[in-house]
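Before any comments, here is the structure.
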Amino acid sequence: MSCSIELKTVSQLFVNNASEKNTSTITLFENLDLSVSQGQSYAITGPSGAGKSSLLMLLSGLEKPSSGQGSFINDNHISSLDNLRSEIGFIFQQFHLLPELSALHNIALPLKLRGDKQAIKKAEHWLEKVGLSDRAKHKPSQLSGGEQQRVAIARALVFSPKFIFADEPTGNLDQHNANEIADILFACCQENNAGLIIVTHNSMLASKAQNIYSLANGELTKTKVSLINPILEQNPEKVTVKTAQVTSC
Amino acid sequence: MLMHHMQLAWHCTQQEYRQPHQRLLRWVQATLMVFIVTLTLSSNTIQDYLQGNLQNLLGADAVVTQKDKLTSKQLKALARFSENVVNTLQIDATLTFNDEWQRSKLKAVGSDYPLQGQLLTATSPGSPTTATNGGPTAGNIWLDSRLISSLTLSIGDVINIGEQAFIVSRLLVHEPDRLMEGHNVSMRAMINIDDMERLAFPTDLIQHRYLVSASKSQVQQIIEWQQEQLPAAQIHHKQGAHPLALFWQRTENFLGLASIILFFMAAIAIEQIAQVHLKKEQYFSAVCMSLGVSKATGLQLSVFKWLINILMLIPVVAILSGIFHWLVVGWLSETFSEISWQLDIGLMAKTIATCVLLFAVFHSPVWLTLCKTSVAKLFHQNQKSISLGLLKICALVVLVLVAVMYSDNGLLTSMLVGSIAITIMLMVAISWTVLTLGEKATQQFSGLIPFTLFMMKQRLLSKSTQILGIGLSTFLLLFTLMLLKDLGDTMAKYQRTHDGNVMISQASQSQMKAINEWSAEHDISVRQTKPYLYAKVVKINDQTLSEFTNKPSESLTTLSKSIRLHWSKDIPNTNRLVQGEWWQEKPKNWQQISLEEEVMTDLGLSLTDKLTFIIHQQSVTFTITASHVYKPGAGSITFWVQMPQEAIQHINAPQYNMASLELKDDQWPLLSQLWKNHPTIRMISLQELTKQFDDILGMITKVISGFAVMIVLLAIIVILSAINALESKEKKKNSVIMSFGFLKTTCLQLNIIEWLITAFIIATGAIAGTYITGMLIYQSQFSLPYQPNLYILLITLAIILSTVTLLGVYASRHSLKSSVKQLMAEI
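Taken in order, these protein sequences are the chains called A and B.
Using the working numbering, you'd call the opening residue of the first sequence number 1 and step up by one each time.
Using the working numbering, you'd call the opening residue of the second sequence number 1001 and step up by one each time.
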C-alpha cells in the first residue's frame, strides 16, 4: 500500500502588522503544486524567507493554506491532510530531545504514548540501528550534537511513520557529522519505506535526495529526479566505510 | 555612565514589564508588603492605644479591685502608702423604664471622685461636655447616651431601681477610670455612693475599687501588700501590663504565626519565579558580555532593574496599606473604643524598607549567579547552574530571620517550622512512592495514564520542585483554614451552651426564691436550676499562678478571676466522668474537686494535683480527684469545677444559682416586673445571646475571610509561579508530542492526568501535614483538642484535587499553545 501527499494550487499569504495603521499582505508562494510519495526522498532548498518551512507545514497538514487544497492519498482513497497526523514524524535542527529523559527513553517516548508494551525493546533496537547502544542511559546533555540527532532520527522513525519531515537536520552539525547523519537518515527512511521531506540550505544534503526542489520568489522548481539509491550514487566510498552502521537500517 | 546604565535599566524594565514572571513577582511582593505593612501599622496602633489607655484611663496610679469591701484595718494599711484613696462601687444591674429594660454597669461614686483625670458630663445629647468634680448627688442618676436612647429616656425623667427613684439629671460622657472595663462595651450608669448603700444590693455582688495616687515606690509597696494580705484582689498600676495585654499577646501570637505562613508562601512563590528570572538575567548578562561589556555592568543593570520594579510598587503598597489600616482601625473601634486612625509614615517606611531588604535577599542568588556568568553560557545552554541550592539556602535563611522577627513565641515558631519540614519530607516521600510504584504497576499497561506516570517519574526532580511549592502552599492554606474553623467552632461551642429562651446566670438564694414564685404565678417553666458559689484560684500545687506558668492560657485567665464552683452528690446528667472517681469514698474528705478535661489538659494538670481557691475571703485547698466533660442532650448548664455536696457545709459563702426559663411570646413583658424588683438578677434572653454569639462569630468570620483571601491569593500566585517556572519545558514537551503525530487534545488529556496525579500527591501530603501540625500545635498553643473530622478531610481532599487540577490545567493553557512550527523556529 503506497501513500502520497498532494498539494494543488496552494498559496500561502500572511498579514504583516508593521504598525496599527499600516498592514500589508506578504505572499510567500502562489498556485503551487507538489506531490510527495511514500518511500521517496525530497529536498526543498531555497533562500531564507522563501517559505520552505511553511511549505513543510502545509505538506504535514499542520497548517492550512491560504488557498488551494492539500490531500492525503492512501491506497487510492483520498482524504484531507488531517488524516495524515498519526502517520508523520519530525526531525529538527535543534534535535529537541527531552532533557530529563535518557537516550533510550527519548526514543521510546512515541511508542509509550501509543501504549506499545514493547516500547523499550523497540527503542533498544533503534538505538542499536543508529549506533548508540552504549549510550542508552545517557541524558541529552551528555551526548554530542551528532549523537543527539541520531537519537532524534531513531525517535522519529521508531513508530514507523509513513512520512518524515526534517527541517535542516544537519544545520547544527559539522561536515563530518552532517554527512554521517544524512546517510543514516536517508538509509533509515528507505529501509522503513518512509517518505522523507527535507528542508535545507545544504546542497550536499539536498543532493542525496531523489527529488530536489528549489523554492525562490514564490516559485517551486524541480531541479533533479533520481531513481537510484542516492548514497550509492554519490558517495560509494562512504557507504563502504559506513556499511556496518548504515546498512542495518 | 551610571546615568546611561539607569536609562538602559529603565528601558529594559519597560520591555519586561508585561512578562508573566515579572507580573507574578510584582503580585507576590505587593501582596506581602501590603499585608505586612497593614499588620505592622495596625499592631502599632493597638499597642499605642493600650499604652495610652493605661496611662490616661487608669484614673489613678494604682487600682485595687475586689469583691468585698476593705475592712477598716485594711483601709488603714492602704492609707499608709497613700494619702489619696478614692472608693468606687460597681454592680451589674438591669434598669427598667416603662416596659423597656437594659443591662448596665451601675457605678457609685462620692464627691472625691475622680482621683485623676476628668469626669465629663453633658446636659443633653449633643451639648458641650463639662468637667465635673464629684459624681451625682443623692437621688440623681447619670446615664450614658446609649442607655438613654435604649430606654427611650429624656433628661429629667424618673426611673426606679428597686424601691428607689432616681432623676436622670445628666448625660455621662467620660469616666477617667474606664480602663478597668477593658474591652467591655456595657452601657454605663452612675449614682451617688450613699444611694448604693440605700439600694441594699447583696454585698457580695458589688465590686469595690480603690483608686490610689502613689509614687512608683509606693505602688511597689502596695503590690507587695496586696499579694500578702489580699491575694484575692486584683491590682492594676501604671507600671504594669494593660488588662488586655494577655488578650493582645494571644492575638499577636496568632498574627505572628499568620505572618510566618504568608512569608513562607511568598518565599515559595519568589523561589519559583527566580528560576525563570535567573535564566533570563543570565542570558541577558552573557549577551552583554559578548558585546564587550564588563560583568559588573551586567550586574549593575540587573540591580537597577530590580530596584526600579520595587520603587514602582512602593506608592501602590503605601496607598493600599493606608486604606487597609484605616479599615482595620474602623473595625477595631468596635472592640477598642476611642481608638483612632493615624498614619505613621516613619513606621510604614521602615516596614517597607525591611520588606525590600528581605526581597533583596530572596533575589540575591540571581545576582550571585550573574557574578559567575560568562559568555560561555551562550554556548552551553545545558550548563548546570550552581545557584539552585544557593537559592534554597538563601530563602531558608530569610525565612528563619522572618520567623525570629515576627514571632514572640519560639515554641510555636519551631513547631510550625518543624511541621513544614516534616511536610516537605512527607511530600518528597509520597511523590517518590506514588510515581515509582505507579510507573512500575502500570508498566504492563498501555494508555495515557501509564505514560503520564512514566514521564512524571522521569522528570521527578523538576516535578518535585513544583509539587513541593504547591504542596506547601496547600498545606499552609489548609492548616490555617482548619485552625480558624476550629477556633470558630470552639467559640460556638462555648457560646451555644444554654437551653430555654432565658438564661439566668446569677441569682442569689432570695432572688431564686422570687423567680420560682414569679414563675409559678405566671405559669412559666423553670427548666434547670444549679447552685454555685464564686471561687478564685490563687495557687496551683502551692505555686502562685505567675509562678506556675507564664504561657497565655484562656483557662488560667478565667480561673484567676472568679469562677462558678458547683457542688453535686452524683455526676450531673450534663457531664460524663473521664477519669478519677466521683467522689472518693472518704466521708471526711470534702476537699476534692472534679475539673473539666479541657482545663486539665490546657494547664497540664493531673489527678492528685492541688488547687487553692479563695472563697469569700477563705482559702480552701482542693485535690483533683476526677475529671469530667460536657455531655450533650440533658440541658446545657455545665461547670468547669465541681465539688462534693458535703463541701458546702464547710464553706461559708453566698450561694447563687444558674437557671434557664422558657417564656412564651406574651410573657416577655413580665420580665420587666421581675427586674424592677430585683435589678441585680443576671438574666439574658436568647435573642441577646444569639446577638452576642453572632457578633463574635461575625468578628471571627471577618478575620477568617480576610486572612483566607490573603492565603488563597498567595496560593494562586505560587501555583502560577510553579507553572511559569516549568512552562518552557512543558511547551517543548507538548510540541515534541505533537511532532509524533498526536493532536492537541492528547496533550490536554496528558495535562489533565498529570495535574490530577500532582493534585493527589499534594492533597495527601497537605492533609497528612495538617494532621501532624494539628497534633503538635493545637493542644500546646491554642488549648484545643485536635480531633480531625474524616468527613471534612475527605471533602477537603476532593476540593484540593479539583481546585489544583482546574487551576493547573487553566494556568498551563499557554503551554498547550505550542506547535511543531515553534520547534522548527528555534535555531
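Every residue gets a Cβ at the ideal spot worked out from N, C-alpha and C, and that includes glycine.
Next on the checklist: Is Q1029 of chain B close to chain A? Criterion is C-beta to C-beta, closer than 9 Å.
Outcome noted: As a position in the second sequence, residue 1029 of chain B is number 29, starting the count at 1. Output row for Q1029 of chain B: interface = no.
Item to check | Neighbour flag for F159 of chain A against chain B, beta carbons, 9 Å | outcome: Against the first sequence, residue 159 of chain A aligns to sequence position 159. Yes, because at least one Cβ of chain B sits closer than 9 Å to the Cβ of F159 of chain A.
Next on the checklist: For G1134 of chain B and I1193 of chain B, which I take to be in contact (beta-carbon distance under 8 Å), what is that distance rounded to the nearest angstrom?
Outcome noted: Here residue 1134 of chain B refers to the residue found at position 134 of the second sequence. Here residue 1193 of chain B refers to the residue found at position 193 of the second sequence. About 10 Å separates the two Cβ atoms, so there is no contact after all.
Next on the checklist: By the DSSP assignment, the alpha helix (DSSP H) with A1093 of chain B in it spans what residues?
Outcome noted: The count along the second sequence starts at 1 and reaches residue 1093 of chain B at position 93. Run containing A1093 of chain B: none in the alpha helix (DSSP H); it sits in the beta strand (DSSP E), 1085-1097.
Checklist entry - Where Y1017 of chain B and R1023 of chain B are concerned, what is the direct C-alpha to C-alpha distance, given to the nearest angstrom? => result Along the second sequence, one-based indexing puts residue 1017 of chain B at 17. Along the second sequence, one-based indexing puts residue 1023 of chain B at 23. Their Cα atoms are separated by approximately 7 Å.
Checklist entry - At a Cβ threshold of 9 Å, is Q93 of chain A touching chain B? => result For the purposes of this step, residue 93 of chain A is identified with residue 93 of the first sequence, where counting begins at 1. Yes, its Cβ sits closer than 9 Å to a Cβ of chain B.
Item to check | Neighbouring residues, chain A, relative to R964 of chain B (Cβ below 7 Å) | outcome: Here chain B has residues from 1001 to 1827 only, and residue 964 of chain B is not among them.
Item to check | Beta-carbon gap between T170 of chain A and I44 of chain A smaller than 9 Å | outcome: As a first step, residue 170 of chain A must be located in the first sequence, where it is residue number 170. As a first step, residue 44 of chain A must be located in the first sequence, where it is residue number 44. In this structure, I44 of chain A does not lie closer than 9 Å to T170 of chain A by Cβ.
Item to check | Chain-ordered chain B contacts of L113 of chain A [CB-CB under 7 Å] | outcome: Walking along the first sequence from the start, residue 113 of chain A turns up at place 113. What L113 of chain A touches in chain B: F1451, I1737, F1740, F1742.
Checklist entry - If you draw a straight line from the alpha carbon of V1820 of chain B to that of A178 of chain A, how long is it in whole angstroms? => result Indexing the second sequence from 1 puts residue 1820 of chain B at position 820. Indexing the first sequence from 1 puts residue 178 of chain A at position 178. Going by the C-alpha atoms only, they are around 23 Å apart.
Checklist entry - Could you give the C-beta distance for R150 of chain A and I181 of chain A, rounded to a whole number, given that I count them as a contact under 8 Å? => result Stepping through the first sequence from its first residue, residue 150 of chain A is reached at position 150. Stepping through the first sequence from its first residue, residue 181 of chain A is reached at position 181. The pair is a contact, with the Cβ atoms about 7 Å apart (cut-off 8 Å).
Checklist entry - Beta carbon of L59 of chain A, beta carbon of L7 of chain A: below 9 Å? => result Here the question's residue 59 of chain A lines up with position 59 in the first sequence. Here the question's residue 7 of chain A lines up with position 7 in the first sequence. Yes, Cβ-Cβ distance for L59 of chain A and L7 of chain A is below 9 Å.
Item to check | Contacts that S1819 of chain B makes with chain E (C-beta to C-beta distance below 8 Å) | outcome: Structure shown: chain E not included; protein chains present are A and B.
Item to check | Cut-off 8 Å between Cβ atoms - residues of its own chain near E1762 of chain B, not counting five sequence neighbours on either side | outcome: The residue given as residue 1762 of chain B occupies position 762 in the second sequence. Contrary to the premise, residue 1762 of chain B reads as Ile rather than Glu in this sequence. Answer for I1762 of chain B: M1427, I1467, I1470, G1471, T1474, I1800, V1804, listed in chain order.
Checklist entry - L1320 of chain B to W1306 of chain B, Cα distance in whole Å? => result Here the question's residue 1320 of chain B lines up with position 320 in the second sequence. Here the question's residue 1306 of chain B lines up with position 306 in the second sequence. Rounded to whole angstroms, L1320 of chain B to W1306 of chain B spans 21 Å at the Cα level.
Next on the checklist: Any beta carbon of chain B sitting closer than 9 Å to that of P110 of chain A?
Outcome noted: One-based indexing of the first sequence puts residue 110 of chain A at position 110. Chain B, which has a Cβ nearer than 9 Å to the Cβ of P110 of chain A, makes this yes.
Checklist entry - From the DSSP output, which residues share a beta bridge with V1328 of chain B? => result Looking up residue 1328 of chain B in the second sequence gives position 328. Per DSSP, none; premise fails for V1328 of chain B.
Next on the checklist: For Y1283 of chain B and Q94 of chain A, I'd like the C-alpha separation in whole angstroms.
Outcome noted: Along the second sequence, one-based indexing puts residue 1283 of chain B at 283. Along the first sequence, one-based indexing puts residue 94 of chain A at 94. For Y1283 of chain B and Q94 of chain A, the distance between alpha carbons rounds to 18 Å.
Item to check | Contacting residues, own chain, Cβ-Cβ under 8 Å from N1160 of chain B (five flanking each side not counted) | outcome: Counting from 1 along the second sequence, the entry for residue 1160 of chain B is found at position 160. Closer than 8 Å at Cβ, skipping near neighbours: T1096, F1166, K1676.
Checklist entry - Can you give the Cα-Cα distance for H1628 of chain B and N1657 of chain B, rounded to whole angstroms? => result As a working mapping, residue 1628 of chain B is identified with position 628 in the second sequence. As a working mapping, residue 1657 of chain B is identified with position 657 in the second sequence. When rounded, the distance between both Cα atoms is 21 Å.
Next on the checklist: So D167 of chain A contacts chain B; which residues on that side make the cut at Cβ distance below 7 Å?
Outcome noted: Mapped onto the first sequence, residue 167 of chain A falls at position 167. Going along chain B in sequence order, the residues near D167 of chain A (Cβ under 7 Å) are M1824.
Checklist entry - Apart from the five residues just before and just after P1669 of chain B, which ones in its own chain have a Cβ nearer than 8 Å to its Cβ? => result To locate residue 1669 of chain B, count along the second sequence from 1; it is residue 669. Within the same chain, P1669 of chain B has close Cβ partners D1099.
Checklist entry - So, using beta-carbon positions, are G1162 of chain B and A1138 of chain B closer together than 9 Å? => result Here residue 1162 of chain B refers to the residue found at position 162 of the second sequence. Here residue 1138 of chain B refers to the residue found at position 138 of the second sequence. Against a cut-off of 9 Å, the Cβ pair of A1138 of chain B and G1162 of chain B comes out as no contact.
Item to check | Start-end ranges of the alpha helix (DSSP H) lying completely within the region 1120-1169 of chain B, minimum 4 residues | outcome: 1145-1150
Checklist entry - Which residues, in chain order, does the region 31-54 of chain A contribute to contact with chain B at a C-beta distance below 8 Å? => result S53
Checklist entry - How long is the line joining the alpha carbons of S35 of chain A and I5 of chain A, rounded to whole angstroms? => result Within the first sequence, residue 35 of chain A is the residue found at index 35, counting from 1. Within the first sequence, residue 5 of chain A is the residue found at index 5, counting from 1. Cα-Cα distance, rounded: 6 Å.
Item to check | Nearest-angstrom Cα separation, counted from L185 of chain A out to L1368 of chain B | outcome: Looking up residue 1368 of chain B in the second sequence gives position 368. Looking up residue 185 of chain A in the first sequence gives position 185. Each residue's alpha carbon lies about 44 Å from the other.
Item to check | Own chain partners of L32 of chain A with C-beta closer than 6 Å, once the 5 adjacent residues on each side are dropped | outcome: Position 32 of the first sequence, counted from the first residue, corresponds to residue 32 of chain A. Same-chain partners within the cutoff: V10, L220.
Item to check | Cutoff 7 Å; reference A209 of chain A; Cβ partners in own chain excluding five residues on either side | outcome: In the first sequence, counting from the first residue as 1, residue 209 of chain A sits at position 209. Closer than 7 Å at Cβ, skipping near neighbours: S41, Y42, A43, I198, P230.
Checklist entry - Which residues, in chain order, does the region 173-191 of chain A contribute to contact with chain B at a C-beta distance below 8 Å? => result none
Item to check | Straight-line Cα distance separating S1462 of chain B from N1382 of chain B | outcome: Counted from its first residue, the second sequence places residue 1382 of chain B at position 382. Counted from its first residue, the second sequence places residue 1462 of chain B at position 462. Because the pLDDT at N1382 of chain B is just 47, under 50, the model does not fix this residue reliably, and the point stays unresolved.
Item to check | Selected residue, minimal CA-CA separation from V1502 of chain B, among B:S1510, B:Q1509, B:I1515 | outcome: Here residue 1502 of chain B refers to the residue found at position 502 when the second sequence is read from its first residue. Answer by Cα proximity: B:I1515.
Checklist entry - Whose Cβ in chain A lies nearer than 7 Å to the Cβ of V1462 of chain B? => result Here residue 1462 of chain B refers to the residue found at position 462 of the second sequence. Per the sequence presented here, residue 1462 of chain B reads as Ser, with Val not at that position. Those are E100, listed as they occur along chain A.
Checklist entry - Going along chain A, which residues have a C-beta under 8 Å from L1469 of chain B? => result The count along the second sequence starts at 1 and reaches residue 1469 of chain B at position 469. According to the sequence shown, residue 1469 of chain B is Gly rather than Leu. Going along chain A, no residue has its Cβ under 8 Å from G1469 of chain B, so there is no contact; the nearest lies around 18 Å.
Item to check | chain B within 9 Å of A136 of chain A, Cβ atoms only | outcome: Here residue 136 of chain A refers to the residue found at position 136 of the first sequence. By this cut-off, A136 of chain A is not an interface position.
Checklist entry - Regarding Q1207 of chain B and the ligand ZN, is the C-beta to nearest heavy atom distance less than 8 Å? => result Among the ligands in the structure shown, none appear at all, so the ligand ZN cannot be discussed.
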